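Everything on this sheet refers to the single structure shown next.
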Amino acid sequence: MKIKEPFYPSYHTKVYQTKKGTSYLKEAGVVLVAQSIPDYLGVRKFLQGFNKRLEFPDYLRDRVELDPAVSLSKFAGQTCYMSFGPKRTWNKDADRYLANIVSSGHGSVLEHANFTFLLYGVSRSLTHELVRHRAGMGYSQESQRYVGGPVLRFVERPEFQKDRLLHQQFEQRIDRVFAEYENYTSKLEELQKEGLDIVSGEKVTDQRKKVRQAARAVLTNETEAIIIATGNLRAWRHIITMRVSDHAEIEIRKAIFKVFLCLRKVSLLAFSDYKIVNLADGTKVVKTDYPKV
Ligand SMILES: Cc1cc2nc3c(=O)[nH]c(=O)nc-3n(C[C@H](O)[C@H](O)[C@H](O)COP(=O)(O)OP(=O)(O)OC[C@H]3O[C@@H](n4cnc5c(N)ncnc54)[C@H](O)[C@@H]3O)c2cc1C
40 MKIKEPFYPS
50 YHTKVYQTKK
60 GTSYLKEAGV
70 VLVAQSIPDY
80 LGVRKFLQGF
90 NKRLEFPDYL
100 RDRVELDPAV
110 SLSKFAGQTC
120 YMSFGPKRTW
130 NKDADRYLAN
140 IVSSGHGSVL
150 EHANFTFLLY
160 GVSRSLTHEL
170 VRHRAGMGYS
180 QESQRYVGGP
190 VLRFVERPEF
200 QKDRLLHQQF
210 EQRIDRVFAE
220 YENYTSKLEE
230 LQKEGLDIVS
240 GEKVTDQRKK
250 VRQAARAVLT
260 NETEAIIIAT
270 GNLRAWRHII
280 TMRVSDHAEI
290 EIRKAIFKVF
300 LCLRKVSLLA
310 FSDYKIVNLA
320 DGTKVVKTDY
330 PKV
């Protein structure tokens, strides 16, 4: 069984600096870092274990290549009915097979294909919304208790980018917040060295963590919160439907739209029911007749 060569699209984004050197970004960077790649070598022996008349091993001789996610979902679906013989749906008709799964709401077979994204240039507001999606998702997020100082960056809201005064105020605010954060950090470290019981913690990393967990109180929602998000195809379809919609907040809408573009490049078939619609504000949303599979 041949699968298409997997590839890993990304959308990078520029890092800006205020005159005082505070770093910020204007939109999300999205990088696909991992995906499920099936290997059918071991399946041959399994298929050979059935009556020869069924011709099950021929299943693996299908010459039409599918992308890894669709190939795996189709294999999972066909296992349900032991549909490996000559009368099965062949890879050339995988579009019909997928359409049937999606339209009948039997989306559990899409849960086998996982995709892992790195999202950067996203604010704490965005990640707070993203992590509300629990089913089929896993997250690892930059810790504000461990990471701070020179790694701190901010994300400018699209509304602020469009107005000179709001943009200026944004730059002034992040300079101020950065300085305030540094002041709190040094003051708390100083108090710790003086032996005052303000921050406790025996190990150095533990002390630093306790200093930062207090100092982060001054950070705004526009602080960057880098996150790794892994989700299966079914979960990503749901998130895309919910978040690349006109009801969704604009920052998450634009970021998840990039996730959608990456996934569609990797597996066009799995998103063939999605249509892109342009909104009056210049952003894009996606629509499908099958929002919940
Ligand atoms: C435009 C918009 C506005 C929002 N506004 C608010 C708001 O004001 N306040 C707020 O708190 N949240 C808000 N949310 C978040 C929203 O309520 C959901 O928590 C979030 O979108 C996660 O989606 P989900 O519930 O489908 O969960 P997911 O984890 O993405 O789950 C996918 C699906 O699995 C099923 N599922 C998951 N978990 C369970 C479960 N425990 N029991 C049964 N079925 C389950 C459901 O069918 C669910 O739709 C908003 C979301 C959007 C898109």
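Sequential numbering from 40 applies to the sequence shown in my numbering.
For every residue, glycine included, the Cβ atom is placed at its ideal position computed from N, Cα and C.
No experiment lies behind these values; they were computed from the predicted model shown.
Where residue i sits in the DSSP three-state scheme
i, result
"GLY177", "strand"
"THR224", "helix"
"LEU71", "strand"
"GLU66", "coil"
"VAL82", "helix"
"LYS323", "strand"
"TYR50", "strand"
"VAL103", "coil"
"PHE193", "strand"
"GLU94", "coil"
"ILE265", "coil"
"ILE76", "coil"
"PRO283", "A quick correction: the sequence has Val, not Pro, at residue 283. It is coil, neither helix nor strand."
"LYS314", "strand"
"GLY270", "strand"
Proximity to residue i [Cα-Cα], best of the options
i, options, result
"THR269", "LYS331, ASN317, TYR313, SER179", "SER179"
"ILE315", "SER306, TYR329, PHE299, VAL305", "PHE299"
"GLY124", "ASN90, VAL148, HIS145", "ASN90"
"LYS232", "GLU219, TYR220, ARG247, ALA218", "ARG247"
"LYS45", "GLU104, GLY81, VAL82", "Sequence check: residue 45 is Pro here, not Lys. The shortest C-alpha separation from PRO45 is found at GLU104."
"ASN139", "GLN117, ALA67, VAL69", "GLN117"
"LYS333", "LYS58, GLY68, LYS53, TYR47", "Here the chain covers residues 40 to 332 and nothing more, so residue 333 does not appear."
"ILE76", "TYR47, ARG276, TRP275", "TYR47"
"THR52", "ALA294, GLY321, LYS131", "ALA294"
"ASN222", "TYR329, LEU158, ALA254", "ALA254"
"TYR50", "LEU204, PHE154, TYR159, THR280", "TYR159"
"ALA287", "LEU205, PHE85, GLU168", "GLU168"
"ASP312", "THR322, GLY321, ASP320, THR327", "THR327"
Integer-rounded CB distance, given that residue j should sit under 8 Å from residue i
i, j, result
"PRO96", "ILE42", "About 18 Å; that fails the 8 Å criterion."
"LEU230", "GLN183", "The pair is not a contact, with the Cβ atoms about 20 Å apart (cut-off 8 Å)."
"ARG292", "ARG282", "6 Å"
"LEU99", "VAL305", "Not confirmed; about 23 Å, so no contact."
"LEU308", "ALA133", "6 Å"
"GLY144", "VAL332", "6 Å"
"HIS172", "ILE289", "At roughly 18 Å, the Cβ-Cβ gap does not stay under 8 Å, so HIS172 and ILE289 are not in contact."
"THR262", "SER162", "7 Å"
Contact set for residue i: own chain, Cβ-Cβ below 6 Å, skip 5 residues either direction
i, result
"GLU195", "TYR63, LYS65, PHE209"
"PHE310", "ARG303"
"THR224", "VAL250, ALA254"
Residues near residue i by beta carbon distance below 8 Å, same chain, minus five either side
i, result
"GLN56", "SER62, TYR63"
"TYR136", "LYS113, GLY116, THR128"
Cβ shell of residue i (< 7 Å), same chain only, five flanking positions each side left out
i, result
"GLU228", "VAL250"
"THR166", "GLN180, ALA264, ILE266"
"VAL148", "SER112, ALA115, GLY116, ILE140"
"GLU219", "VAL257"
"ASP392", "What is shown of the chain runs 40 to 332, which leaves residue 392 out entirely."
"VAL216", "VAL257, LEU258, THR259"
"ARG83", "PRO96, LEU99"
"SER142", "TYR329"
For the stretch 125-185, which segments carrying the beta strand (DSSP E) assignment without a break, of at least 3 residues, lie completely within its bounds, in sequence order? Assignment of beta strand (DSSP E) within the stretch 125-185, counting only whole runs of 3 or more residues, yields 153-159, 176-180 in chain order.
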